[in-house]
Structure formats: structure tokens, C-alpha cells
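Written below as C-alpha cells is the structure these notes are about.
In our numbering, the protein residues as written are 14 to 343.
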């Protein structure tokens, strides 16, 4: 990752794509994970202000209903709607029920925003019900499974909607570049319990963000022909719920040097709706607060197969992910 790239992501210009650039979304259906607070809540508010229907996928019904009340009361003129659906990304066995609930209410899905995630500073190893390290389960495999299960609906929607309208947004971070293996990207090895047991909580989070980028890149290759656009986005350094498990000092620092959550929502908004993004640049990398930017150059090799002169890195990571979630696809 170059110094120029690091600096422009850490100290970005003002958002160029905001509410004023968004058209009426009355015919759009969105699914936003982690929508009850922080960046996800801010994005939901913006979408609702433009009359979108937003499925707010989150763990806490009470917290989400409170967010719904706050948003709807603040925007009484909106013709959109907000719907809560229970989602626990940490338990792979529960995600099919989330998707079934969505499909019982909708036949279309225009944009899936994989916004939810965790970042724990604890050295203690915490695992999911399926035995994965918590960052791998919640940040990597949970969103992967959710996206896989919703992909048939995304494809069906893309077949009847204008080009470039149907998208999946994957949330990365600057760590997606900084900790990716040269020419390879994410590996199964970096996600294993044995490897992560030796790492700090922050390192485990950083590696999970490499996985998000890899899923985006490979999804773009696999579903471009089906009309679904894939985008990975670094929302920026934000004062968000992500830091709720960090120490007192870190939380104090975030308030001083980081940006309000709405700025991250503008990054996601750009990834979800900007005309700068299309099937022609699917798989692209979006940086704060809404700009397409070149990913670390060697990582393009990860998206190519060995027969194409690359390493096949994203394909291998996809295959590993598929193997982990296979019991929960049906």
C-alpha cells in the first residue's frame, strides 16, 4: 500500500456524493446489515429519506425498532418503509432463516450492503457456535453466506432492471490492502483458529477485512455475466459502534481524530448508487468518502487464475469459504 494511498484514505476530501445526488428511490429495495446503529443507521436514514424500502438486518429487535422510530419521526414526509429482520452473522445456522424471512416478503432486492461487523481488542480467543474465531465468523463467513443465499434474488432482479442497478457492497478497510498477502490476497491459513490464536484482537479484525476484499473481487468475476455489480468499500476512520469493545484510551482517541458515522454512510451510499460504478468496473475499490481508487497493484494477480498468469488467490479463498458454509446453504 503506497504512502499516497494511505494518506488519501486517512485524510479524505469532503464527500462528493450525498443526499442531494440521490434520485427518488421509491422502487428500490435495500438490505442493510447492522442497520440499528452507527454507519448502517445513517445509511438507512439517507435511503429512507429518498423513499426507499430498507430491510434493517440486525441482532437486536429492540434497538432496531428504536432506530426505526427515530428515523421515521425525523422524516415524516418519506414514502419509504423500514422493516426489521433478525440477523446474527455469528451463527451460520441462523442465516437461512433471515433470508427466508426476507423472501417471504420480497421478490426483488436491488442492493445488499454488508455493513455489519465487529472489532474486538481482546487477546482472548472468542469463537462462534460453529467454532470459527469471532471476526472470521461475523465479518467474513456470515456476510459470505448471507450474500450467497440472496444471490438468486439479486440475479432475478438484475434481469428485469436497468443495467448497473443491482449491487452487493462489501465493507473492507485500509487493512484490506495493508494485510493482504502479496499477489494472493486472503488465505485460508490466515483465518484458522491456530493462526489467529497468536494474534491480537485488532490483527484478527484486520485479517477479516482482507477476506471481505477477496469475496468482493471473486464475486465480481462470477456474477458480472448475471448483471450483479460487486463493490468493496473502505468507509473511513469513523466514530462508530465498531469501537465499542475497544479500551477507554482507544475510544477517546477515536472521538478526537475520527470522522462522524455519516461520512462512512456517504462512502457506502456512493458504492451502492453512484453512476461512477457499473458492470464495466465491477469489483472496484471505493475509498473515503466515496471515490473509486486503484487497489494495491499486486492484488490484481490474486483475481487471475494460474492459467491467466495470476495466483488464483481469490478463487481459492472463495472455494474455502464455500466449503465452510456448505452445510448452511440448504
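For glycine and all other residues, C-beta sits at the position ideal for the given N, C-alpha and C.
Bear in mind the structure is a predicted one, so any value in this text is a computation, not a measurement.
Which partner residues of residue i appear in the DSSP bridge assignment?
i	result
residue 66	42 and 94
residue 146	140
residue 299	246 and 305
residue 198	194
residue 272	251
residue 184	246
residue 126	45 and 182
residue 230	Bridge partners of residue 230: none, in fact.
residue 71	99
Taking the CB atoms as reference points, tell me whether residue i and residue j lie closer together than 8 Å.
i	j	result
residue 103	residue 47	no
residue 108	residue 162	yes
residue 225	residue 153	yes
residue 42	residue 122	yes
residue 159	residue 124	no
residue 29	residue 303	yes
residue 127	residue 56	no
residue 276	residue 186	no
residue 171	residue 241	yes
residue 350	residue 98	Any property of residue 350 remains undetermined from this structure, which presents the chain solely from 14 to 343.
residue 189	residue 137	no
residue 227	residue 298	no
residue 44	residue 115	yes
residue 50	residue 80	yes
residue 323	residue 243	no
residue 301	residue 52	no
residue 7	residue 105	Residue 7 lies beyond the residue range present for the chain, which begins at 14 and ends at 343; the question has no answer from this structure.
residue 31	residue 279	yes
From residue i to residue j, what does the alpha carbon distance come to, in whole angstroms?
i	j	result
residue 316	residue 309	12 Å
residue 232	residue 143	24 Å
residue 339	residue 39	36 Å
residue 218	residue 134	9 Å
residue 330	residue 130	19 Å
residue 194	residue 213	18 Å
residue 139	residue 252	24 Å
residue 203	residue 167	30 Å
residue 327	residue 86	44 Å
residue 183	residue 250	16 Å
residue 336	residue 149	14 Å
residue 201	residue 72	27 Å
residue 58	residue 286	15 Å
Run the proximity test for residue i: is its beta-carbon closer than 7 Å to any non-hydrogen atom belonging to the ligand HEM?
i	result
residue 288	Judged by which ligands are present, the structure shown has none, so any question about the ligand HEM falls away.
Is any beta-carbon of chain B found at less than 8 Å from that of residue i?
i	result
residue 237	In the structure shown, chain B cannot be found, because there is only a single protein chain.
Contact the segment 88-99 vs the segment 56-71: 3+ CB pairs below 8 Å: yes
Any alpha helix (DSSP H) of 4 or more consecutive residues that is wholly inside the segment 305-339: 326-338
Validate contact between the segment 272-290 and the segment 168-187 using beta carbons, cut 8 Å, 3 pairs: yes
Segments of 3+ residues assigned as beta strand (DSSP E) that fall wholly inside the segment 73-124: 94-99
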